[in-house]
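Student:
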Amino acid sequence: MTIKPIAISLAVLALSACATKPKIEPVQERPVVEAPPQIFEDTKPTPAPVVQLPPVDQGPVFDPNAPVPGSIADFAYQVGGEPRIYFGYDRYDLTNEAREALRRQAQWLQAYGQVNAIIEGNADERGTREYNLALGARRADTVKAFLVSQGVSPSRLTTVSYGKERPIDGASNEAGWARNRNGHTNITTGTIG
Amino acid sequence: MKRFILLFCVVFLTALCVVSSAQAQLEIDITKGNIDPTPIAVPSFLGTDTEMRELGQDIAKVIRADLERSGLFKSLDPASFLETQTNIDYQPTFADWRVIKAEALASGRVVRETDTKIRVEFRLWDIFAGNQLAGLRFSATQDNWRRTAHKAADAIYKALTGEEGYFDSRIVFIDEKGPKTDRKKRLAIMDQDGHAPQYLLAGSDLVVTPRFSPSAQKITFMSYENVIPQVYLLDIETGRRELLGNFPGMTFAPRFSPDGNTLIMSMMSKSNSDLYAMDLRTRSTSRLTNDPSIDVSGSFSPDGRKIVFNSDRGGSPQLYTMNANGTNKKRISFGKGRYSAPVWSPRGDKIAYVKSLDGKFTIGVMNPDGSGERQLTESYMDEGPTWSPNGRVIIFSRETKGRNGSNSIWSVDLTGQNLRKVNTPGKSSDPAWSPLLP
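Chain order of the listed sequences is V and R. For the first sequence, our numbering begins at 4 and goes up steadily by one. For the second sequence, our numbering begins at 78 and goes up steadily by one.
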């Protein structure tokens, strides 16, 4: 829907140009300079009158990579990648980046109201098993609470903690641990395609 | 689960060995670290026929291995023995055993009682004092002969250290298969020495934190077989399994009370993990903590009066104690680092825990008031301590670093000595030691 605002602003510019007449400044005395006369050639065409057109309808987006709308792949596509948001070490609060990602998830989940999801909370390996189960549960609950605050019905979201039992990266380094501290929105039912 | 077959144990008294009150002059002090192992001779047990003689060899091997693994004994090479006893009811020639520097001698025999039953008898001798320290007779079905060997090893351990043994016991654990990012984790059980491993559940491929009931007949664990992971109870005799309670949130970190009537566990409710006690007879639950922090990993003191648990209520994971009804909460860990997974010793005198500091995880022990902290192990990831029935040995999971990292089970003495890998069929974690078997 980008055509409409541009069309309006062009029209406004054209109108304002007509409405205000420029003041005529008095001619200033200038020293006479002997110079060969310059030949000016006016190459600019006179501007066509701006006509406001009715807005065009949104057509289909020709994106060869776009998955079937409403599918699990579409969810990942629309939220900008794998639907996981990441946490700091031993933290279960949301970063700004995580909030932004969850807003996109919530938009999609609201567009496809029949979809249900399990929010999986995960922890990195640098904690003991039971503590990490609690930590993963907190992460999953934080994600769910944020999605609910964005209008997703809580009855559509189940939470589960995997603690450190389901790492997605086997590396024992900062990058691996950071990837494994996540909340994963795992779509379970109601998808298309 | 037909392995629990009645096993009779009677004190073996004959005219020759009236020893019930004999004072052991040979006494091993197991409270000191790094002691010299006591040299002990365990000849093959005598047998009344070829089959019993073979069994006698196997029984002696199991006894030697038990004693050696404890780190307190050195089993002497049978090739060095000068005397070959032909009847264990006669005194051994002490001088012959002194020559090879044996301090104790355990000699026994296996007698066939019926087609399926055997009788195992043995006597333990103090070589320097020249007297008998123990004489015992066990009756068992033949396929249960290993338990007679473990019971004999327990009797030897007790006679020489003054402490109960721990060899006739089992370990429940998690068998792990597959790469780190796709692990299958199944509930399994084996004898304390790694013998006879077997799976306990079919179809569950993510099970964690199993624990024994004090009767050694039941196991509680957490399983992901339903969408919401929950705590289950399994009777290993009957194979009967049940979901404990019907809670909307995850239940986890279960442990039995010392009398077996109560289960303590953590439950997620309204984004909060708190400790609850469930009465296993009435199935009623009572809430023990009510704090917005993570409260997890409750473990009863052996008298059932106190609970140690893990909480981040102070800003980082630390250890706390409270009364069994939830009153009088008190932080006990104050050292540098993050503490978790506390387990009260069956003797009551120590609490084992995991501490993480500077990128390492260690198993440590402290007194129940938090004093006397001591680290026993250290690696990239040591966790999940569990106590031997006598509170002298701790076994735990050790995970190695990296993409090919894997779990194995290790044991260490309370003194921090005698670190060794526990024999398991494959990759394994989350061990829990049973009480001594009846």
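Built from N, CA and C at the ideal position, the CB exists for glycine as well. Note that this is a predicted model, so its numbers are computed, not measured.
Roughly how many angstroms lie between the CA atoms of Pro-170 (chain V) and Asn-405 (chain R), to the nearest whole one?
Tutor: Stepping through the first sequence from its first residue, residue 170 (chain V) is reached at position 167. Stepping through the second sequence from its first residue, residue 405 (chain R) is reached at position 328. Rounded to the nearest angstrom, the two C-alpha atoms are 38 Å apart.
Student: Taking 8 Å as the line, does the beta carbon of Gln-108 (chain V) fall inside it for any heavy atom of the ligand FMN?
Tutor: As for the ligand FMN, it is missing from this structure, which has no ligand bound.
Student: Taking the straight line between their C-alpha atoms, what separation do you get for Gly-185 (chain R) and Val-197 (chain R)?
Tutor: The residue given as residue 185 (chain R) occupies position 108 in the second sequence. The residue given as residue 197 (chain R) occupies position 120 in the second sequence. Near 7 Å, if we compare the C-alpha coordinates of Val-197 (chain R) and Gly-185 (chain R).
Student: With 9 Å set as the bound, which would you pick, yes or no: does the beta-carbon of Tyr-397 (chain R) sit closer than that to a beta-carbon of chain V?
Tutor: Residue 397 (chain R) sits at position 320 when you count from the first residue of the second sequence. Not one chain V Cβ lies under 9 Å of Tyr-397 (chain R).
Student: For Ser-505 (chain R), which of helix, strand or coil comes out of DSSP?
Tutor: As a first step, residue 505 (chain R) is located in the second sequence; it is residue number 428 there, counting from the start. The answer is strand: DSSP assigns Ser-505 (chain R) an E or B state.
Student: Within the same chain, show all residues whose beta-carbon is closer than 7 Å to that of Asp-173 (chain R), passing over the 5 residues directly before and after it, in chain order.
Tutor: Position 96 of the second sequence holds residue 173 (chain R). Taken in chain order, the residues that qualify are Leu-159, Glu-160.
Student: Just checking: is the beta-carbon of Val-163 (chain V) within a distance shorter than 9 Å of some beta-carbon in chain R?
Tutor: Position 160 of the first sequence, counted from the start, is the residue given in the question as residue 163 (chain V). So, interface residue.
Student: CB Gly-173 (chain V) to CB Ala-126 (chain V), shorter than 9 Å?
Tutor: Taking the first residue of the first sequence as 1, we reach residue 173 (chain V) at position 170. Taking the first residue of the first sequence as 1, we reach residue 126 (chain V) at position 123. Taking 9 Å as the Cβ cut-off, Gly-173 (chain V) and Ala-126 (chain V) do not qualify as a contacting pair.
Student: Hey, quick one: how far does the beta strand (DSSP E) through His-227 (chain R) stretch, first residue to last?
Tutor: As a working mapping, residue 227 (chain R) is identified with position 150 in the second sequence. Unbroken run through His-227 (chain R) is the alpha helix (DSSP H), 222-238; no beta strand (DSSP E).
Student: How about Ile-136 (chain R) and Val-187 (chain R): are their beta carbons less than 9 Å apart?
Tutor: For this step, residue 136 (chain R) is matched to residue 59 along the second sequence. For this step, residue 187 (chain R) is matched to residue 110 along the second sequence. Yes, the pair counts as a contact, with Cβ atoms nearer than the cut-off.
Student: Helix, strand or coil for Val-146 (chain V) per DSSP?
Tutor: Indexing the first sequence from 1 puts residue 146 (chain V) at position 143. DSSP places Val-146 (chain V) in helix when its eight states are reduced to three.
Student: My output table needs one value for Ala-172 (chain R): the three-state DSSP class, helix, strand or coil.
Tutor: As a first step, residue 172 (chain R) is located in the second sequence; it is residue number 95 there, counting from the start. Here Ala-172 (chain R) sits in helix by DSSP.
Student: Pick helix, strand or coil for Ile-140 (chain R), following the three-state DSSP scheme.
Tutor: For the purposes of this step, residue 140 (chain R) is identified with residue 63 of the second sequence, where counting begins at 1. The answer is helix: DSSP assigns Ile-140 (chain R) an H, G or I state.
Student: Restricting to runs no shorter than 3 residues, where is the beta strand (DSSP E) found entirely within the stretch 311-389 of chain R?
Tutor: Those beta strand (DSSP E) runs which fall completely within the stretch 311-389 of chain R and span 3+ residues are 318-320, 328-333, 339-346, 349-356, 362-364, 372-377, 383-388.
Student: Between Tyr-89 (chain V) and chain R, is any beta-carbon pair separated by less than 9 Å?
Tutor: Taking the first residue of the first sequence as 1, we reach residue 89 (chain V) at position 86. Tyr-89 (chain V) does not count as touching chain R.
Student: Hey, is the stretch 299-318 of chain R in contact with the stretch 271-288 of chain R, meaning 3+ C-beta pairs nearer than 8 Å?
Tutor: Yes, since at least three Cβ pairs between the stretch 299-318 of chain R and the stretch 271-288 of chain R fall closer than 8 Å, the two stretches touch.
Student: For chain R, find out if any of its Cβ atoms is closer than 9 Å to the Cβ of Leu-150 (chain V); answer yes or no.
Tutor: Residue mapping note: residue 150 (chain V) aligns to position 147 of the first sequence, counting from 1. Leu-150 (chain V) does not count as touching chain R.
Student: Can you grab the Cα-Cα spacing for the pair Lys-254 (chain R) / Pro-502 (chain R), in whole Å?
Tutor: In the second sequence, counting from the first residue as 1, residue 254 (chain R) sits at position 177. In the second sequence, counting from the first residue as 1, residue 502 (chain R) sits at position 425. Using only the alpha carbons, I get a separation of about 11 Å.
Student: Assess, as a yes-or-no matter, whether the stretch 461-477 of chain R is touched by the stretch 408-422 of chain R under the definition of 3 or more beta carbon pairs within less than 8 Å.
Tutor: Cβ pair count under 8 Å is three or more, so yes.
Student: Establish whether the CB of Met-458 (chain R) and some CB of chain V are separated by less than 9 Å.
Tutor: Against the second sequence, residue 458 (chain R) aligns to sequence position 381. Answer yes: the Cβ-Cβ gap between Met-458 (chain R) and chain V drops below 9 Å somewhere.
Student: Mind checking if Gln-293 (chain R) is an interface residue toward chain V, Cβ cutoff 9 Å exclusive?
Tutor: As a working mapping, residue 293 (chain R) is identified with position 216 in the second sequence. Before going on, a small fix: residue 293 (chain R) reads as Ala here, not Gln. Cβ-Cβ to chain V under 9 Å: no for Ala-293 (chain R).
Student: How long is the line joining the alpha carbons of Arg-132 (chain V) and Thr-188 (chain V), rounded to whole angstroms?
Tutor: Sequence index remark: in the first sequence, residue 132 (chain V) carries index 129 (1-based). Sequence index remark: in the first sequence, residue 188 (chain V) carries index 185 (1-based). Taking the straight line from one Cα to the other gives about 22 Å.
Student: Taking Cβ positions only, does Ser-417 (chain R) come closer than 9 Å to chain V?
Tutor: Start at 1 with the first residue of the second sequence, and residue 417 (chain R) comes out as number 340. Output row for Ser-417 (chain R): interface = yes.
Student: Is the shortest distance between the beta-carbon of Arg-288 (chain R) and the beta-carbons of chain V less than 9 Å?
Tutor: Within the second sequence, the letter at position 211 stands for residue 288 (chain R). Chain V, which has no Cβ nearer than 9 Å to the Cβ of Arg-288 (chain R), makes this no.
Student: Between the Cα of Asp-143 (chain R) and the Cα atoms of R:Arg-223, R:Gly-391, R:Ser-376, which residue gives the shortest distance?
Tutor: Numbered from its first residue, the second sequence carries residue 143 (chain R) at position 66. When only C-alpha atoms are compared, the closest one is R:Arg-223.
Student: How would you call Glu-476 (chain R), buried or exposed, if buried means at least 16 neighbouring beta carbons within 10 angstroms?
Tutor: One-based indexing of the second sequence puts residue 476 (chain R) at position 399. Answer is buried; the Cβ neighbour count reaches 16.
Student: Does chain V have any CB closer than 9 Å to the CB of Ala-330 (chain R)?
Tutor: Working through the second sequence from its first residue, we reach residue 330 (chain R) at position 253. Chain V, which has a Cβ nearer than 9 Å to the Cβ of Ala-330 (chain R), makes this yes.
Student: Count the C-beta pairs between the stretch 210-221 of chain R and the stretch 443-453 of chain R that are closer than 8 Å, then say yes if the count reaches three, no if not.
Tutor: Too few Cβ pairs lie closer than 8 Å, so no.
Student: Compute the Euclidean distance between the alpha carbons of Gly-130 (chain V) and Arg-415 (chain R), then round it to the nearest angstrom.
Tutor: Start at 1 with the first residue of the first sequence, and residue 130 (chain V) comes out as number 127. Start at 1 with the first residue of the second sequence, and residue 415 (chain R) comes out as number 338. So the two alpha carbons sit approximately 9 Å from each other.
Student: Considering only their Cβ atoms, is the gap separating Ser-505 (chain R) from Ser-456 (chain R) smaller than 9 Å?
Tutor: For the purposes of this step, residue 456 (chain R) is taken as the residue at position 379 of the second sequence. For the purposes of this step, residue 505 (chain R) is taken as the residue at position 428 of the second sequence. No, they are not a contact pair.
Student: So, for Thr-362 (chain R): in the same chain, excluding its five sequence neighbours on each side, which residues have a beta-carbon less than 6 Å away from its beta-carbon?
Tutor: Looking up residue 362 (chain R) in the second sequence gives position 285. For Thr-362 (chain R), where only same-chain residues beyond five positions count, the Cβ hits under 6 Å are Tyr-353, Met-355.
Student: Can you confirm whether Phe-438 (chain R), when its beta carbon is compared against all beta carbons of chain V, has any partner nearer than 9 Å?
Tutor: Indexing the second sequence from 1 puts residue 438 (chain R) at position 361. Yes, contact with chain V.
Student: Can you check which of these residues, R:Ser-374, R:Ala-211, R:Gly-479, is closest to Ile-428 (chain R) by C-alpha distance?
Tutor: Against the second sequence, residue 428 (chain R) aligns to sequence position 351. Selected option, being the one with the closest Cα: R:Ser-374.
Student: Considering only the alpha carbon of each residue, which of R:Gly-449, R:Asp-372, R:Asp-336, R:Arg-358 lies closest to Ser-348 (chain R)?
Tutor: By one-based count along the second sequence, residue 348 (chain R) stands at place 271. Answer by Cα proximity: R:Asp-372.
Student: Should Ala-181 (chain V) and Ser-164 (chain V) be called a contact, given that it needs their Cβ atoms to be closer than 9 Å?
Tutor: The sequence position of residue 181 (chain V) within the first sequence is 178, counting from 1. The sequence position of residue 164 (chain V) within the first sequence is 161, counting from 1. For Ala-181 (chain V) and Ser-164 (chain V), no; Cβs fall outside 9 Å.
Student: Which residues does DSSP list as the beta-bridge partners of Asp-268 (chain R)?
Tutor: Position 191 of the second sequence, counting from 1, holds the residue named residue 268 (chain R). Answer is R:Arg-247.
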